[in-house]
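Below is one structure, written out as structure tokens, with a few remarks after it.
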Amino acid sequence: MGIKAPKIYFLMKGQVKLSDFGGAARIGQQINTFNKHYSAPEVIFTAACTETSDVYSLGVIIAQLITRRAAEDLGEVPRRPRPSTRDDRNEHISVQTNNAIRRQRYNIHNSISVANRENQQIARSLIELAGGCMRHYANQRPRIEEVVQTLAEL
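Counting in full-length UniProt numbering, the sequence shown runs from 1 upward without gaps.
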């Protein structure tokens, strides 16, 4: 099963349900599900799935929920990293994704009334969290514990 925003349902009292288990494997079977729009660059190029690649996918889902855009509309598919001798801390998420996040930040700032300033701040925090999760290089993404803590604090 590939977890994607359309398969996540929010119920009353904060419950979250996942749907579409049609692709789930029986015990002992291996099924590879792949969607390039939810996959971290390292998964696309090396098939190496790690906790940080899951964080990337979660960032895509958070960005979808905040921007109300499909994953394929959030940005370009990750490309193979360029060989570099410089420090990777300056690498950013794709330009298109960054622009979508920037536009959404502007829209949130200008469309939420003063009475909803708390919601506005939560939305901004979620946008920043999604951007961090979607960093091109795995070592720049937050650990899953940090993501969970940030979400719990919101």
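We put the CB at the ideal spot given by N, CA and C, even for glycine.
Distances from the alpha-carbon of Y9 to those of S53, Q149, L65 put L65 closest. Within the same chain, and ignoring the five residues on either side of G132 in sequence, the residues whose Cβ sits closer than 6 Å to its Cβ are P142.
Below 8 Å, enough C-beta pairs join the stretch 52 to 61 and the stretch 122 to 136 to call them touching: three or more. With fewer than 16 other Cβ atoms inside 10 Å of its own Cβ, V148 counts as exposed.
Where Y9 is concerned, the enclosing beta strand (DSSP E) starts and stops at 8 to 10. Ranked by how close their Cα comes to the Cα of R124, the residues I61, K17, L154 have L154 in first place. Put simply, of P41, I127, A71, E128 the residue whose alpha carbon is nearest the alpha carbon of N139 is P41.
Burial check for A152: the Cβ neighbour count within 10 Å stays below 16, so the residue is exposed.
The Cβ neighbour count for T67, taken over all protein chains shown within 10 Å, is at least 16; the residue is labelled buried. By the 16-neighbour rule on beta-carbons within 10 angstroms, L126 is buried. Q120 and Q15 have their C-alpha atoms roughly 22 Å apart.
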